[in-house]
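Just so you know, this note's numbering puts the end of the sequence shown at 448, numbered straight through with nothing missing. Even for Gly, the Cβ is constructed at its ideal location relative to N, Cα and C. Encoded as structure tokens, the structure appears first; notes follow it.
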Amino acid sequence: MQSMYHQGCCRPNIMLFPSTIICALSVVSMMLLLGRAAAFSFSHQHHLPRFTTPKVVSFLSASSSSLDGLPTISSGDSPFPPLYGKTLVSIQDVITAQQSSTQQTTNTNNNNPKVIFIDASWYHRPDPTTNQFRNPSTEYTQGPRLPSARYIDIDSVATTHELFPQDNPNNLPHMFPPPSLFGVAMDAYNIRNEDHVVIYAKRGAVFTPRMWFLFVSMGHDENRVHLMQGSLEDYIVEVGESGGVEVHSLADGGSSEEGEIYYEEEYMEYFDDGVLDVKRLYNAYAKLTPRYKVSVSQARHVCDKEEVLDAINSNLKSMESNSNDDDDDNDNGTIILDTRGSSYAKGHMPTAIHLPYAQLVDPNNSLILKPTSEIKQMLEDRGVDYLNPNKKIILSCGSGVSVCHGYLALRQLGREMSNENTRIYDGSWTEWREYPDLPKVTS
Numbered sequence: 006m007q008s009m010y011h012q013g014c015c016r017p018n019i020m021l022f023p024s025t026i027i028c029a030l031s032v033v034s035m036m037l038l039l040g041r042a043a044a045f046s047f048s049h050q051h052h053l054p055r056f057t058t059p060k061v062v063s064f065l066s067a068s069s070s071s072l073d074g075l076p077t078i079s080s081g082d083s084p085f086p087p088l089y090g091k092t093l094v095s096i097q098d099v100i101t102a103q104q105s106s107t108q109q110t111t112n113t114n115n116n117n118p119k120v121i122f123i124d125a126s127w128y129h130r131p132d133p134t135t136n137q138f139r140n141p142s143t144e145y146t147q148g149p150r151l152p153s154a155r156y157i158d159i160d161s162v163a164t165t166h167e168l169f170p171q172d173n174p175n176n177l178p179h180m181f182p183p184p185s186l187f188g189v190a191m192d193a194y195n196i197r198n199e200d201h202v203v204i205y206a207k208r209g210a211v212f213t214p215r216m217w218f219l220f221v222s223m224g225h226d227e228n229r230v231h232l233m234q235g236s237l238e239d240y241i242v243e244v245g246e247s248g249g250v251e252v253h254s255l256a257d258g259g260s261s262e263e264g265e266i267y268y269e270e271e272y273m274e275y276f277d278d279g280v281l282d283v284k285r286l287y288n289a290y291a292k293l294t295p296r297y298k299v300s301v302s303q304a305r306h307v308c309d310k311e312e313v314l315d316a317i318n319s320n321l322k323s324m325e326s327n328s329n330d331d332d333d334d335n336d337n338g339t340i341i342l343d344t345r346g347s348s349y350a351k352g353h354m355p356t357a358i359h360l361p362y363a364q365l366v367d368p369n370n371s372l373i374l375k376p377t378s379e380i381k382q383m384l385e386d387r388g389v390d391y392l393n394p395n396k397k398i399i400l401s402c403g404s405g406v407s408v409c410h411g412y413l414a415l416r417q418l419g420r421e422m423s424n425e426n427t428r429i430y431d432g433s434w435t436e437w438r439e440y441p442d443l444p445k446v447t448s
């Protein structure tokens, strides 16, 4: 199909008779009609199969003629212009990239970049309608989910006390993982350095920025890490239930058709209905060099309580020495942003500024970040000089999750980020409150 477009009927300095022009126009019209028909057939007639095990999974049908003739792209380039370089992507961006990536995604032996969907659903509170905690891994298994989506649990791909007791002696939740664990997990999920990662969640989830920051902190190319704006349910409404959404369980039996393996065979034993047993995986592969290359020695933009304490002590000392100075501008000071909700009032760190994460997202859809103009006003109202790279900013929250909303907001506003000037306190208030000697402001 592509070659026909490039064999143009009209060339410079060649005289065409009217009959030739009419013929050419007829051919072009027929091609447009066939293209529309193929697109309609592709989106409405390719229903997804059911699955017997996590080994077999279907993307959009690779046999669809509407994708024939896609250009071959080297692994060093990105064949997904709607995504590349965009942190926040629309559902339509995702649909377009999804269709373009079909041939790559359904072939694990293809080294071209792929679009990998990550289900980052995670719930910190009971469902308000049932008063019960939702189980995101069970919901992932039961479906629906985006095509060939992986489910990653921030509580498992983490520095857990069970796997790393010396690094997490206080058994703090969802601490950022060591690069070695992240690399092994990426191999198991069949995610490569050159792949585009699109993160999404189901309605009711809030904290997809935490998954986005996980990839950023581990050095995955930020141009290839994306947050879908809107929920899985929003996606289904936009494309229709048969427009590329897997709607069956990985464990509900039935036969598969045209299924493709997207987890490599050697890792299949570490998955249970698509959910990775991280402990068993790491114990088996910890001493091996992962295929996925983690470019950092430890999580980037992440700090510990000692760094936070130094910043607070410096702030307090500066405030004391400048108490009689009318000039409040201190380029050497550290801004501490606390993104918790109402719990901030019960106790927080000295000099911390309250920036509730819930105010950074659309009040009607928690998976959509507010416009930058509104976020800019919020920070300016609080006196936060967020564009000054000499102002170090440390972000904290309850347990190192909602804090990523704050980091994302700063990045979207154009702050010049470096590993030194913008940091997330991993342990956050959950760790800080456990140390009696650490300074606190309580109500």
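- In this structure, Leu418 keeps its C-beta atom at 7 angstroms or more from the C-beta atom of Gly411.
- Relative to Gly188, the option among Val242, Phe85, Asn198 whose CA is nearest is Asn198.
- Beta-bridge partners assigned by DSSP to Met233: Val94.
- In this structure, Tyr275 sits near Asp282, with a CB-CB distance shorter than 7 angstroms.
- Under the 8 angstroms Cβ criterion, the stretch 425 to 444 counts as touching the stretch 395 to 409, having at least three qualifying pairs.
- The closest CA to that of Asp200, considering only Pro84, Gly235, Asn320, is found on Pro84.
- Taking the C-beta atoms as reference points, Val221 is found no nearer than 7 angstroms to Ile123.
- With a cutoff of 7 angstroms on beta-carbon distance, Pro355 and Val446 are scored as near each other.
- Excluding residues up to 5 positions away in sequence, Arg345, Ser348, Ser433, Trp434, Thr435 lie with their Cβ nearer than 7 angstroms to the Cβ of Gly403 in the same chain.
- Residues of the same chain with a CB within less than 6 angstroms of the CB of Ile204, apart from the 5 flanking positions on each side, are Ile123, Ala125, Thr213, Met216, Trp217, Leu232 in chain order.
- Judged by beta-carbon spacing, Ile380 lies beyond the 7 angstroms limit of Ala357, meaning their Cβ atoms are not closer than that value.
- With distances taken between CA atoms, Pro184 lies nearest to Gln303 out of Tyr440, Asp390, Asn369, Gln303.
- Here the alpha carbon of Lys292 sits roughly 14 angstroms from the alpha carbon of Lys284.
- In this chain, the alpha helix (DSSP H) harbouring Arg285 covers 283 to 290.
- In the DSSP assignment, Asn136 is bridged to no other residue.
- If only uninterrupted alpha helix (DSSP H) runs of at least 4 residues are considered, those enclosed by the stretch 143 to 222 are 184 to 193, 213 to 222.
- By the criterion of a C-beta distance shorter than 7 angstroms, Asp160 is surrounded in its chain by Pro178, His179, once the five residues flanking it on both sides are discounted.
- A distance below 7 angstroms separates the beta carbons of Pro394 and Asn426.
- When beta bridges are read from the DSSP output, Asp277 appears opposite Val280.
- When C-alpha distances from Thr164 are compared across Leu151, Arg155, Gly224, Phe181, the shortest belongs to Phe181.
- With respect to the C-alpha of Glu227, the residue from Leu93, Pro133, Ala350 having the closest C-alpha is Leu93.
- Under the criterion of beta carbons closer than 8 angstroms, Met422 and Arg428 do not qualify as touching, at roughly 10 angstroms.
- Minimum Cα-Cα distance from His359 among the listed residues Gln382, Asp192, Arg387 corresponds to Arg387.
- One Cα belongs to Ser153, the other to Asn195, and the distance between them is close to 11 angstroms.
- Apart from sequence neighbours up to five positions away, the residues of its chain that approach Lys351 with a beta-carbon distance below 8 angstroms are Thr447, Ser448, ordered along the chain.
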